[in-house]
Structures are given as structure tokens and as C-alpha cells.
Amino acid sequence: MSDSLRILIDTEHAAIVGGAETYLRAVLPQLVAAGHELAVVTARPADGPSSIVAQIPGLRCWTREGNSPDTLLAEIADWRPDVVYSHGAGDPAWEAALAGRFPTVLYAHNYHGACVSGTKRFARPRVQTCCRTLGPGCLALYLPRGCGGRSPATMLRSYAVQRRRQANLTRFRAVLVASAAMQEEYARHGVPADRLRLVPLFPPDAVPDPAPPAPRDRSDRVLFVGRVTELKGLSHLIPALATASAELGRRLSLTVAGDGPALAEAEDLARQTGVPAEFPGWVDADRRQAAMRSADLLAVPSLWPEPFGLVGVEAGCVGLPAVGYATGGIPDWLIPGVSGESAPGDRPNPAALAAALVRALADDAHFNRLRVGAWETARRFGADAHVRQLVAVLRDAAAPSTRPNNALKLEWNGFGGRCR
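Now the structure itself:
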């Protein structure tokens, strides 16, 4: 095999609809620049600047829409990929067909084949990370523990899809994850250590400033960036800001750069608690970076175990430390006393989050050390290192000796339990 790889990218969406597509838009040009030949297969086409391949004119693209799987597989076989780089197809049958025909590597951007709802948390009787392996017992817990919505039909459909995805884990030459928490999750789901690789993500629209941030006065502004849903935790952040303001003796303000179904509730809560808040909606990369430069803290109060939380690394690029719950992949970059301050993630509550805000902002010298620590931490998550690790895994997967043993050894952990 030559140094150059022929890589087929398999993903559900050609348009930018979330983190996986944003990642692909950033990493595909880097793979091309490194000398690799790419093609893409998606569920349906997308043209224009919102496409993941907009920066690579002339790239070979297939779509599943309007094509039979057999025809598509035959055309792909004629192209002769060395390896398939998969990002979670919506159709488990297609995923299985590809992985059964070609050496395939999965990047698990979310809880693919590991959770019925994909949130990996219980809502009742209190918010708690779920450490179960996916199995029949999940059906007994889904509705009473508030794992997702209230529809039994949706639960059954989602369960069937996720179980098929779980079965497909045996077919991949490697499973890549972004954080230590996700690595533990897939180890619990039986992926052997030699096929489970930690390859951290990088911020697609930011690089660290060339020098560490210089000391500056506080603005007393806290920034939230993301989709405004119940899982993102503004219902905890806003009362925490009110409490922290009282303890600090000065008013902290909030900027919410995002939108979503819980926006009206957040606006009402800010008014009720007296927290000064701005809600500019979604902002582009330039405005987001400007907001990060003017804020004192990034708030990441997620009430579910985020697989990684890339916004925290992006904030660190400009020396913005974070405050949030220590859950999921967030502790990989939110290091207490170094790049921010955190509250326990096993029992999230506004009082603990307020205490973390106070620790970050009570002392000017500590605050400015956190800014430098956030910048230094962000420098660990670069695109060059990611591409080097990725290509090494893809090259290993393309070798004929790496065919997986099609057996998962699931770690049984009862009907709930705690994550280690």
C-alpha cells in the first residue's frame, strides 16, 4: 500500500446540521492536503456553501437516496476504497453492509449503539448519568426514569435502531472517540481495547492565540454558547448566577448565543431572578469569538454527559476559562483550578454551580491564571495532531490483519448504578 489512502467518508448528512458535519467540513480538506484521495456517501445530496464538501470541488459523491444498496455498493467497490471512515449512518442496515464489505472505522460522535434516547442520563427521580449497557432492561427504565420522551412507540423504534447499531460495533476495525468518558462507555459496551482509540477533536473555526492572554480587569459577563434545550442546563445556570452575584457582591450578566425550544423559559427565568441577560440568538464564528474575548467565563452547565463539549476548547483558544458540571467529556478540557472551575456532575445543582462561579471570579490573580490555563489547555487539541492520529488508525484498519473478532463482551452493571 502506498502512503496515500483512498478513503470513503460515510455520513448521514451532506449539509451542515450538527457537530459531525462541522467536523467533516474541517477535516476533509486536511486529509486531501495530506495527499489522500477521498469520496463521500451520504443519505441525500446537498449543494452550496452549507455542504461538507464545499471546499473540495470535484470530489466524488454518492447518495443513498434514489439508489439501491446493491448498486451503490458495486459502484463503491469499483472505486476500491482502502478504508471507510464512518460517522454514524441513520440506517443500521447500510452501516452493516458497508462494514461487511470494506474495512471500516467508526467515529462515535454521540452514543451510537449505546443508549435508546442518546442522552445517556436519567431525569427522574433526579438528574443522573446512566452507566448501563444498552439492553432489554432499558425498556423497563425508559419511561419511569425519564430517559427520553413519553411515547412508548418512539421508545420501541429507537431501541430497535440502537440495538442494531450496537450489533454493528462488532464489524468495525476501530471505534474512535473524543474523550475518556466515551472511551469508558464503549469499553463497557464490549469494544476491545485494541480497537477503541481516543482521538480528541479540534475546534474547526479557531486556533489558539499566538501568545497567552495578558491580565485584564473582569467584565463580570458569563457566556453560554449552544442550542437552548433543557439538557443544556440554563435552568441551573441562571439561578446559579443570581446566587454567585450575591456572594461576590457584584452583578454577573449573561449572554446566551444560541436558540432552541427552552429559550422562552430561560428569558422568563432571567427576569424572575434579576439576572441581566442578552439573547442575541445564533451568531457566526467572528461574533462568537468576539463574545468569547469580552466574557469572563464560558458556562457549560450540561445536564447530560456531553461526549466532548468542543465549545470549551474553542473558548480556550482566546483564553476564556469555563465553569460547568464535571460530566461526560467535559473534564478532559475543564480542569479545576487550571482551565476553569467545575461542580460535581453526579448530582448537578445550582448551588454547586454557583460555588464554582465564585471560585473562578472571587480573586483577580486566580481568574487571570485560569485564563492562561484555558489557553494552554486548548493548545493540546490541534488539527495537525488529530489528523496524524486519525491517519494512523485508518492505515492500520486498512491492513488485512486487523479484521475484528465479531464478538462483544458486554459489561453488565444492573439497572442503574454509577459511572466509575
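Residue numbers for the sequence shown follow UniProt numbering, so the first one is 1 and each next one is one higher. Think of the CB as a built atom: it goes at the ideal place given N, C-alpha and C, for glycine as much as any other residue.
Check, Outcome
"Along the alpha helix (DSSP H) that carries V393, what are the first and last residues, could you check?", "383-398"
"Apart from the five residues just before and just after A128, which ones in its own chain have a Cβ nearer than 6 Å to its Cβ?", "It should be noted that the sequence gives Gln, not Ala, for residue 128. Correct list, in chain order: F122."
"Can you say whether P400 is buried or exposed, counting buried as having 16 or more other CB atoms within 10 angstroms of its CB?", "exposed"
"What residues in its chain sit with their C-beta under 7 Å from that of S4, if we drop five residues either side in the sequence?", "G35, H36, E37"
"If you draw a straight line from the alpha carbon of A50 to that of I16, how long is it in whole angstroms?", "For the record, residue 50 in the displayed sequence is Ser; it is not Ala. Cα to Cα, the separation comes out at about 6 Å."
"Does A193 pass the burial test, meaning 16 or more other C-beta atoms within 10 Å, or should it be called exposed?", "exposed"
"Identify whether I76 lies in helix, strand or coil by the three-state DSSP scheme.", "helix"
"Helix, strand or coil for I16? Go by DSSP, reduced to three states.", "coil"
"Buried or exposed: D10, going by 16 or more other Cβ atoms within 10 Å of its Cβ?", "buried"
"Label G258 either buried or exposed according to how many other C-beta atoms from any shown protein chain fall within 10 Å of its C-beta, with 16 as the threshold for buried.", "buried"
"Taking contact to mean 3 or more Cβ pairs, one atom from each stretch, closer than 8 Å, check whether the segment 348-365 and the segment 237-251 are in contact.", "yes"
"Expressed to the nearest angstrom, what Euclidean distance is found between the alpha-carbon atoms of P45 and H13?", "8 Å"
"With burial defined as no fewer than 16 other Cβ atoms inside 10 Å of the residue's Cβ, what is the status of T42: buried or exposed?", "buried"
"Contact defined as beta carbons within less than 8 Å: I believe G324 pairs with S339. What is the distance between those atoms, to the nearest angstrom?", "Their Cβ separation, rounded to whole angstroms, is 11 Å, which puts G324 and S339 out of contact at 8 Å."
"Name the residue from A214, T22, G100, R173 whose alpha carbon lies nearest to the alpha carbon of L320.", "A214"
"For C296, tell me which candidate among P125, L73, R221, P210 has the shortest Cα-Cα distance.", "Looking at the sequence shown, residue 296 is not Cys but Asp. The shortest Cα separation from D296 among P125, L73, R221, P210 belongs to R221."
"Y85 lies in the alpha helix (DSSP H); which residues open and close that run?", "No alpha helix (DSSP H) holds Y85; the beta strand (DSSP E) holding it covers 83-86."
"Could you tell me how far apart the beta carbons of L31 and I52 are, in whole angstroms, since I believe they sit closer than 8 Å?", "Not really, about 12 Å apart at Cβ, beyond 8 Å."
"Quick one: what does DSSP say Q55 is sitting in, helix, strand or coil?", "coil"
"Where does V300 fall in DSSP's three states?", "strand"
"Using alpha carbons as the reference points, say which of L234, G249, R271 lies closest to P261.", "L234"
"So is W304 buried or exposed if we call it buried at 16+ other beta carbons inside 10 Å?", "buried"
"Span of the alpha helix (DSSP H) holding S342?", "Not the alpha helix (DSSP H): S342 falls in the beta strand (DSSP E), residues 340-344."
"Assuming V311 and V225 form a contact by the criterion Cβ under 8 Å, report the distance between their Cβ atoms to the nearest whole angstrom.", "5 Å"
"Please name the residue, chosen from L143, R218, V116, L252, that lies closest to R132 on a Cα-to-Cα basis.", "V116"
"Helix, strand or coil: how does DSSP classify S68 here?", "coil"
"Thinking V191 and V175 are a contact (beta carbons under 8 Å), I'd like their distance in whole angstroms, please.", "5 Å"
"Between P200 and H386, which are expected to be in contact by the criterion C-beta below 8 Å, what is the C-beta distance as a whole number of angstroms?", "7 Å"
"I'd like the list of long-range same chain contacts for V283, defined as Cβ closer than 6 Å, with 5 residues on each side in sequence excluded.", "A257"
"Please go through the same chain and pick out, in chain order, the residues whose beta-carbon is closer than 6 Å to the beta-carbon of E230, but skip the five residues on each side of it.", "A262"
"Since P204 contacts R379 with CB under 8 Å, what's their CB separation in whole angstroms?", "Contact flag wrong, Cβ pair sits at about 16 Å."
"Measure the beta-carbon distance from F279 to E265 and round it to whole angstroms, keeping in mind my assumption that it falls under 8 Å.", "The Cβ separation is near 12 Å, so there is no contact."
"Taking C-beta to C-beta, are M182 and P348 nearer than 7 Å?", "no"
"Just list the residues that DSSP pairs A277 with in beta bridges.", "L254"
"Use the C-beta contact count for W333: other C-beta atoms within 10 angstroms, 16 or more gives buried, fewer gives exposed.", "buried"
"Rounded to the nearest angstrom, what separates F102 and A397 at their Cα positions?", "10 Å"
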